[in-house]
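Working notes for the structure below.
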């Protein structure tokens with residue numbers, strides 16, 4: 236069985252205009268909660284929550300263990316003392332960031348071609364810090380039908396470069412982990428593949444370096460699939 240595993244952000248899609256680290260946008264999310272629910276929260280309390288959310292960000296403080304959005308928001312909003320369901324706060328926070336998911340132009344065409352050639356396709360992605368899986372899945376709903384198996388850091392319980400997600404995919408399709416092809420855009424993706432001892436293809440859409448690909452059509456060439 237031929238199994239191709241794809242990272243999502245920076246590989247198959249992007250959030251338009253968003254940098255790798257979203258810490259500068261967190262205040263928009265908190266402001267959305269305050270405005271929607273008319274919260275009387277001091278600036279100091281909001282700043283404390285902001286710092287706590289930054290502390291959870293794995294790009295600032297390295298971690299492989301994944302925490303649920305519910306766990307994180309319960310912690311960071313504890314001092315607000317508000318009688319609002321935590322799920323409502325989470326939805327409002329992420330709505331306040333006004334994220335726009337964009338699927339790269341080559342993504343669906345290449346996924347279709349891989350399917351036609353008999354490939355099993357899996358997704359393996361880290362969720363943005365404190366984003367629930369259901370919100371992310373909603374943003375990538377256009378892609379979900381192409382995946383035979385979807386594994387996020389929430390599903391696996393670990394973030395990359397921990398290779399738990401690749402292990403789950405290997406077991407799901409009864410395929411040796413060493414035979415998986417993992418496609419990703421970041422150094423942590425490469426390290427994940429190294430930890431799993433599987434093949435890695437790095438995609439760098441903006442600044443291609445030696446050995447990487449700049450679009451998914453080059454992946455088809457590497458896999459010797461005629462386009």
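Numbering (the numbering used here), first residue to last: 236 to 462.
Each residue gets a CB set at the ideal place from its N, CA and C atoms; glycine is no exception.
Here the structure is a predicted model, which is why all the values come from computation and not from measurement.
Query: In this structure, what does DSSP give as the bridge partners for residue 248?; Result: 244 and 338
Query: Cα-Cα, which of 316, 263, 248 and 448 is closest to residue 326?; Result: 263
Query: Pop quiz: residue 331 and residue 414 are said to be a contact at Cβ under 8 angstroms. What is the actual Cβ separation, rounded to whole angstroms?; Result: Not a contact, Cβ separation roughly 43 angstroms.
Query: Residue 386: which of 345, 237, 443 and 359 sits nearest, CA to CA?; Result: 359
Query: Name the two residues that bound the continuous alpha helix (DSSP H) containing residue 365.; Result: Neither: residue 365 is in no alpha helix (DSSP H) and is coded neither H nor E.
Query: Is residue 306 helix, strand or coil when you go by DSSP?; Result: helix
Query: To the nearest angstrom, report how far apart residue 426 and residue 301 are at their CA atoms.; Result: 17 angstroms
Query: Around the Cβ of residue 382, are there at least 16 other Cβ atoms within 10 angstroms (buried) or fewer (exposed)?; Result: buried
Query: Nearest by alpha-carbon distance to residue 273: which of 319, 260, 238 and 308 is it?; Result: 319
Query: Take the Cβ of residue 366 as the centre, count every other Cβ of all protein chains shown within 10 Å, and call the residue buried at 16 or more, exposed below.; Result: buried
Query: Mark residue 456 as exposed unless 16 or more other C-beta atoms lie within 10 angstroms of its C-beta, in which case mark it buried.; Result: exposed
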